[in-house]
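Take a look at the structure below.
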Amino acid sequence: MRIFTLSLISVTLCAAIGLGYLLDYSYLKIQQQQHQAIQINQHQSFLFALAKQLKPDSQIQAPLTFTSSNLSEFFLPAELTKHIQTGEPLFLQSSQQMSLHWLDKNNSQQIMSLSYPLPIDDAVPRPQKDYRLWFTLAFYAGIALLVMLWSAPLIRRLFIIQAALNKFGGGELNQRIPNSHFSYIKQIEVGYNQMAQRIQTLLEDNKLLSRAVSHDLRTPIARLRFGIDWLEEKFEDDADALQHINRLSRDLDEMSNLVETLLQFARLEQQQVALKPQAYAVRQQISQLADTAMQLHPDKHIQLAIDEHANIQVDANYFNMLLNNLITNACRYGKQQIDIQFKQLKQTWVLSISDDGDGIAADIRDKVLLPFYRQPNSQGYGMGLAIVARIAKWHNLDLTLDEAHLGGLKVTLKGKHK
505 MRIFTLSLIS VTLCAAIGLG YLLDYSYLKI QQQQHQAIQI NQHQSFLFAL AKQLKPDSQI
565 QAPLTFTSSN LSEFFLPAEL TKHIQTGEPL FLQSSQQMSL HWLDKNNSQQ IMSLSYPLPI
625 DDAVPRPQKD YRLWFTLAFY AGIALLVMLW SAPLIRRLFI IQAALNKFGG GELNQRIPNS
685 HFSYIKQIEV GYNQMAQRIQ TLLEDNKLLS RAVSHDLRTP IARLRFGIDW LEEKFEDDAD
745 ALQHINRLSR DLDEMSNLVE TLLQFARLEQ QQVALKPQAY AVRQQISQLA DTAMQLHPDK
805 HIQLAIDEHA NIQVDANYFN MLLNNLITNA CRYGKQQIDI QFKQLKQTWV LSISDDGDGI
865 AADIRDKVLL PFYRQPNSQG YGMGLAIVAR IAKWHNLDLT LDEAHLGGLK VTLKGKHK
């Protein structure tokens, strides 16, 4: 940032001082020319006034020169000759002198001439114009041009940073800003690269840890399962022992489900996910998932409001995983009634799943979408809605949690037809 600040101040000062001096010099030159034009006009007026008082035998002091010559010896272009023969005075000017010529009133063949030498720095008069507005515009235009030339590398680097941030936010964790020998914000670029590297390392370590822990836990769980099965056979006649064994079996099932959930989320956390969108028969697929859920939860009733021909484009495997988590949660936390509705519009579609449970407080609805976050006094592992949120994001779906008309939670998915 120090280089950025110093360069900005330097460019601004140099542009203001340099352009100010250049434009001031040019303006003074024009002013000088205009001043010379005024002096020449004054000389012309003086010569005209003096000529009216002169006679052929008049004596003139230097630097003025008064002469007379014959018309035939006075060589002029035809147009100027006609002009002077009309009796009108003729004013001529060169780079060295100005002169006034007229016919003698008493002798039409005699030309009287009055000359006045010009100073060396006097020039031919030019039309007088007011250049102040143009110089003001030129000054600000020059300042703007110099600032644009200075800021062009900065703007280019900012676009590179923006592109890197967009790609990094889109999941390309290996995206970095290329180094540049000339950059005003090099410290920011280096800081971003270091931050991105730390985030990538932390996420990769987290994924590796989740996969490793979940995978390594499978072996001792399997051993415990074999041991509990052996104990059930060994103490099948002992009621007290079987009661404790069944309790251990339920705890082991819960641990096994947790490990499977961790493995499932670890697979979803893979860096590259290749979706395979295909035609998805909404009613047929959801009916199968609902039937399976009602077999596992016979006390629950799932009502469908889906058109027979409803069809969308999604990855069937991942979308079934999403719906299975939502329906399972509704059956787990709902009391009896679950409603699933699907509305298909011209450009969008809306799918909602509502239950009659206790719902989720409005102030924690965003938190329950995070991994391992659980409501107070709730069951589960806090992974179901996190998996739903991740799959919905992959499909570019809008996911919202609201209060259902049944009194519980309403989960709404909104997508666009492809």
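Residue numbers (the working numbering): 505 to 922. Ideal placement from N, C-alpha and C gives every residue a C-beta, glycine not left out.
Asked: In the structure shown, what three-state DSSP assignment does tyrosine 688 receive?; Found: coil
Asked: Leucine 901 by DSSP, collapsed to three states: which one?; Found: coil
Asked: Compute the beta-carbon to beta-carbon distance between glutamine 841 and aspartate 860, rounded to the nearest angstrom, for a pair I have assumed lies under 8 Å.; Found: 5 Å
Asked: Looking at C-alpha atoms only, which residue of Tyr837, Arg894, Leu905 is the closest neighbour of aspartate 867?; Found: Leu905
Asked: Could you tell me the distance, in whole angstroms, from the CA atom of threonine 705 to the CA atom of isoleucine 790?; Found: 39 Å
Asked: Buried or exposed: which applies to arginine 661, given that a residue is buried once 16 or more other Cβ atoms fall within 10 Å of its Cβ?; Found: buried
Asked: Could you tell me which residues DSSP pairs with glutamine 601 in its beta bridges?; Found: Pro621
Asked: Taking only runs of the beta strand (DSSP E) that begin and end inside the stretch 566-616, which ones reach a length of at least 3 residues, in chain order?; Found: 569-574, 594-597, 601-608
Asked: Could you compute how far the alpha carbon of proline 657 sits from the alpha carbon of serine 687?; Found: 7 Å
Asked: Here's the rule I'm using: 16 or more other beta-carbon atoms within 10 Å means buried, otherwise exposed. How should tyrosine 837 be labelled?; Found: buried
Asked: With DSSP run on the structure shown, which of helix, strand or coil describes histidine 748?; Found: helix
Asked: Any contact of the stretch 643-651 with the stretch 598-617, i.e. 3+ C-beta pairs under 8 Å?; Found: no
Asked: Taking the CB atoms as reference points, tell me whether leucine 855 and leucine 917 lie closer together than 8 Å.; Found: yes
Asked: Provide the residue(s) that pair with isoleucine 681 in DSSP beta bridges, ordered along the chain.; Found: Beta-bridge pairing links isoleucine 681 to no other residue.
Asked: Pick helix, strand or coil for leucine 779, following the three-state DSSP scheme.; Found: coil
Asked: Could you check what DSSP says for isoleucine 857 in three-state terms: helix, strand or coil?; Found: strand
Asked: Measure the C-alpha to C-alpha separation of tryptophan 853 and leucine 756 and round it to an integer number of angstroms.; Found: 41 Å
Asked: Out of Phe643, Thr569, Pro621, point me to the one whose CA is closest to serine 530's CA.; Found: Phe643
Asked: Going straight from the alpha carbon of cysteine 835 to that of valine 892, what length do you get?; Found: 16 Å
Asked: How would you call valine 786, buried or exposed, if buried means at least 16 neighbouring beta carbons within 10 angstroms?; Found: buried
Asked: In angstroms, rounded to a whole number, what distance separates the CA positions of proline 593 and proline 621?; Found: 19 Å
Asked: Would you tell me roughly how many angstroms separate the C-alpha atoms of glutamate 737 and histidine 748, rounded to the nearest one?; Found: 14 Å
Asked: Measure the alpha-carbon distance for methionine 1008 versus arginine 727 and round it to whole angstroms.; Found: Because the chain spans 505 through 922 in this model, residue 1008 falls outside it and cannot be assessed.
Asked: Can you look up phenylalanine 739 in the DSSP assignment and give me helix, strand or coil?; Found: coil
Asked: Can you give, in chain order, each stretch of the alpha helix (DSSP H) that sits fully within the stretch 787-868 and has at least 4 residues?; Found: 820-837
Asked: From alanine 743 to tryptophan 734, what does the alpha carbon distance come to, in whole angstroms?; Found: 15 Å
Asked: Helix, strand or coil, according to DSSP, for tyrosine 644 in the structure here?; Found: helix
Asked: Output needed for methionine 616: all residues of its chain with C-beta closer than 6 Å, excluding positions within five of it in sequence on either side, in chain order.; Found: Ser572, Trp606, Asp608
Asked: Using C-beta distances below 8 Å, list every residue in its chain close to alanine 745, excluding the 5 sequence neighbours before and after it, in chain order.; Found: Leu735, Phe739
Asked: What residues are listed by DSSP as bridge partners for aspartate 906?; Found: Lys914
Asked: Going by beta-carbon coordinates alone, are aspartate 843 and serine 858 separated by less than 8 Å?; Found: yes
Asked: On the DSSP bridge list, what partners appear for glycine 919?; Found: Trp853
Asked: Taking glutamine 851 as the reference, give the member of Gln666, Ile816, Gly674, Asp811 with the closest Cα.; Found: Ile816
Asked: Indicate the three-state DSSP secondary structure (helix, strand or coil) for tyrosine 525 in the structure shown.; Found: helix
Asked: Could you pull out every residue in the same chain whose Cβ sits closer than 6 Å to the Cβ of threonine 516, ignoring the five residues on either side in sequence?; Found: none
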